[in-house]
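Each residue of the sequence shown is one higher than the one before, counting from 0 in numbering that gives the first Met the number 0.
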Amino acid sequence: MVSQGRTQVGIIGAGPAGLLLARLLKLHGVESVILEQRDRAYVEGRVRAGVLEQGTASLLEEAGVADRLKREGLVHDGIEIVVRDRSFRIDFRDLTDKTVVVYGQTEVTKDLIAARLGGDGPIVWNAANVTIHDIDSARPRLTYRCDGQEHELTCDFIAGCDGFHGVSRQSIPANALRHFERVYPFGWLGILADVPPCSHELIYAKHARGFALASMRSPTRSRYYIQCSLYEDLDEWPDALVWEELKRRLGSEAAARMTTGPAIEKSIAPLRSFVAAPMRHGRLFLAGDAAHIVPPTGAKGLNLAASDVYYLCRALTAFYGDKRTDLLDRYSETALARVWKAERFSWWMTTMLHKLHDETSFEAQMQLAELDYLASSRAAQTALAENYVGLPY
Ligand code: APR
Ligand code: PHB
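1. Can Ser217 be considered in contact with the ligand PHB, in the sense that its beta carbon sits closer than 7 Å to one or more heavy atoms?
2. Return the chain-ordered list of same chain residues with a C-beta closer than 8 Å to the C-beta of Lys265, the five sequence neighbours on each side being excluded.
3. Hey, could you find the ends of the alpha helix (DSSP H) Tyr319 is sitting in?
4. Under 8 Å, with one C-beta from each stretch per pair, do the segment 85 to 102 and the segment 119 to 134 reach the 3-pair mark?
5. Quick one: grab the DSSP three-state call for Glu264.
6. Taking DSSP's pairing of strands, which residues face Glu180 in a bridge?
7. Is Val1 buried or exposed, if buried means 16 or more other CB atoms sit within 10 Å of its CB?
8. By a C-beta neighbour count over all protein chains shown, 10 Å radius and 16 as the cutoff for buried, is Asn386 buried or exposed?
9. I'd like the ranges of any beta strand (DSSP E) spanning at least 3 consecutive residues and lying wholly in the segment 171 to 254.
10. So is His164 buried or exposed if we call it buried at 16+ other beta carbons inside 10 Å?
11. Are the Cβ atoms of His27 and Thr324 separated by less than 8 Å?
12. Residues in the same chain with beta-carbon distance under 8 Å from Ala374, minus the five sequence neighbours each way, listed in chain order, please.
13. What number of angstroms, rounded off, separates the C-alpha of Gln169 from the C-alpha of Asp66?
14. Would Val64 pass as a contact of Val100 if the rule is Cβ separation under 8 Å?
15. Looking at the structure shown, is Ala62 part of a helix, part of a strand, or coil, going by DSSP?
16. Give the DSSP-derived three-state secondary structure of Leu355 in the structure shown.
17. Mapping the DSSP letters down to three states, classify Ile134 as helix, strand or coil.
18. Which whole-angstrom value is the C-beta distance of Arg256 and Ile225, which I expect to be below 8 Å?
19. Within 10 Å of its beta-carbon, does Phe179 have 16 or more other beta-carbons around it, so buried, or fewer, so exposed?
20. For a test of your reading of the model: does the CB of Val50 fall under 7 Å from any non-hydrogen atom of the ligand APR? Yes or no.
21. For Val388 versus Glu342, is the C-beta spacing smaller than 8 Å?
22. Tell me the DSSP bridge mates of Cys145?
23. Are the beta-carbon atoms of Cys160 and Gly12 separated by less than 8 Å?
24. Which of the three DSSP states is assigned to Thr153 in this structure?
25. Mind the definition here: the segment 29 to 37 touches the segment 278 to 297 only if three or more C-beta pairs lie below 8 Å; say whether that holds.
26. So what does DSSP say about Asn125, is it helix, strand or coil?
27. Flag this pair as touching only if the segment 110 to 125 and the segment 47 to 54 have three or more C-beta atom pairs under 8 Å; answer yes or no.
28. Since Asp90 sits in a beta bridge, which residues does DSSP pair it with?
29. Compare the Cα-Cα distances from Thr259 to each of Thr219, Arg271, Tyr309 and Lys354 and report the closest residue.
30. Is the closest heavy atom of the ligand PHB to the C-beta of Ser251 under 7 Å?
31. What number of angstroms, rounded off, separates the C-alpha of Tyr309 from the C-alpha of Thr98?
32. In angstroms with no decimal places, state the Cα-to-Cα distance between Ala126 and Ile157.
33. Under the criterion of a Cβ to heavy atom distance below 7 Å, does Gln104 qualify as lining the ligand APR?
34. Measuring only from the beta carbon, is Pro295 closer than 7 Å to any heavy atom that is part of the ligand PHB?
35. Out of curiosity, what's the CA-to-CA distance linking Gln104 and Glu243?
36. Is Arg220 a contact residue of the ligand PHB, with contact defined as CB to any heavy atom under 7 Å?
Below you can see the structure in the form of structure tokens.
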């Protein structure tokens, strides 16, 4: 016996993209059901970065989930860049009259789940074997298994918000999709520690030994990264060695201010640039990591999920409100225009700041010249700043 259900928009994935889309649709009178393969504790337990562009913060405010963000978010007016122990600052507020907010993605997810469960609609946790059917018809379907029962959900549209490893992108015929990818030959070793950050803003460092980043989650919780080989063994990176390497790469000023302590989380992540196009096939629309991945250097992942959701919600509400299909037809083109610019910025920040070449190579000199120009040019700093705070939607 298969349990039958019906909704307007079936959403796969309770990450930031799926949750924010569901919330915004609800505020526009459009019903949805979210199917999530994991349980709530797992989803709320994922430690993820959160540097929110002003556009993302505004969208969360429009969604009515920004109260805690406004209380606890850390507004940052700029970032510091350190090259060979020389530092300079990119002043976002002076250059763009905009800022960013540091507020963990984990917290964004918790705020959105609370709103969803506060009466907006269901999240089906532990939805196994979600399968997409009939996306070339006007009545697409989702089937899944939950609590030992098979379920079928018929809907008008399906939003694939199931991340890079989800089922949505794979449900589009291979000959209908193009992939663009760059896998970087290094990883980031990240640590989380309950110590005060070494600076009130983020520090991006290029060093002969490799890239390093000083970030934070709160005034009492720090997040640091060092570029490392993809084949590193975490057991060969005791906390003391990580702190020592961070001090070397971030420079003497940051080192002097750095508080060390036991890592409460330590992991290595690969870096990738990836885009799948188009972001739509029939009644299936991809949003967020399901369609694209950026290296974390530009802090764009969550922000791209937000702008995809903005465009998709606008298109769906125009369909239900005015029977318009033009915005649905233009969704992929519109979303990809912003995605590709963020992919470029993330690739540029990554290739400029990481150890990629032998120090005596021409390419290494080009990196240093790029950074020297950035240190000395208001125009170059403005270009970085307007991409970092977020290009317009
Ligand atoms: N069925 C149901 N749910 C699924 C499936 C599936 N087959 N596959 C994945 N999911 C769920 C995952 O468990 C996860 O909760 O979809 C959700 C996808 O969430 P994210 O991976 O966070 O993707 P997205 O919502 O696009 O947010 C992008 O998250 O990964 C970070 O750096 C990324 O900041 C960016 C943001
Ligand atoms: C983080 O705080 O985890 C973070 C911040 C900025 C980045 C990447 C990660 O560019």
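A virtual CB, placed ideally from N, CA and C, is assigned to each residue, including glycine.
On the basis of the supplied data:
1. Look at Ser217: its beta carbon is at least 7 Å from all of the heavy atoms in the ligand PHB.
2. Excluding sequence neighbours, Lys265 sits near Leu188, Gly189, Ile190, Leu191, Leu233, Trp236, Asp238 and Val241.
3. Residues Gly300 to Asp321.
4. Counting Cβ pairs under 8 Å, fewer than three are found: no touch.
5. In the structure shown, Glu264 sits in a strand (DSSP, three-state: E or B).
6. Paired residue(s): Phe273.
7. Val1 counts as exposed, since fewer than 16 other C-beta atoms from the protein chains shown sit within 10 angstroms of its C-beta.
8. Asn386 comes out buried.
9. Segments of the beta strand (DSSP E) lying fully in the segment 171 to 254: 177 to 192, 201 to 205, 211 to 217 and 220 to 227.
10. His164 is exposed by the Cβ-count criterion.
11. Taking 8 Å as the Cβ cut-off, His27 and Thr324 do not qualify as a contacting pair.
12. Result list for Ala374: Ile80, Val82, Arg85 and Phe87, in chain order.
13. In this model, Gln169 and Asp66 are separated by some 37 Å (Cα to Cα).
14. Between Val64 and Val100, the gap from beta carbon to beta carbon reaches 8 Å or more.
15. It is coil, neither helix nor strand.
16. Residue state, collapsed to three classes: coil.
17. Ile134: coil per DSSP, three-state reduction.
18. Not quite, the Cβ-Cβ distance comes to about 17 Å (not below 8 Å), so this is no contact.
19. The C-beta of Phe179 has fewer than 16 other C-beta atoms within 10 Å across all chains shown, which makes the residue exposed.
20. For the ligand APR, not one heavy atom lies less than 7 Å from the Cβ of Val50.
21. Taking 8 Å as the Cβ cut-off, Val388 and Glu342 do not qualify as a contacting pair.
22. Cys145 pairs with Gln148.
23. Between Cys160 and Gly12, the gap from beta carbon to beta carbon is short of 8 Å.
24. Under the three-state reduction of DSSP, Thr153 is assigned to strand.
25. Flag = no, the segment 29 to 37 and the segment 278 to 297 do not touch.
26. Asn125: coil per DSSP, three-state reduction.
27. Not touching, per the Cβ criterion.
28. Under DSSP, Asp90 shares a beta bridge with Gly77.
29. Of the candidates Thr219, Arg271, Tyr309 and Lys354, the one whose C-alpha sits nearest the C-alpha of Thr259 is Thr219.
30. Relative to the ligand PHB, even the nearest heavy atom lies 7 Å or more away from the CB of Ser251.
31. One C-alpha to the other measures close to 20 Å.
32. Taking C-alpha positions only, Ala126 is separated from Ile157 by approximately 15 Å.
33. Indeed, a heavy atom of the ligand APR lies less than 7 Å from the Cβ.
34. Yes - the ligand PHB has a heavy atom lying nearer than 7 Å to the Cβ of Pro295.
35. Approximately 28 Å, taken between the alpha carbons.
36. No, the Cβ of Arg220 stays beyond 7 Å of every heavy atom of the ligand PHB.
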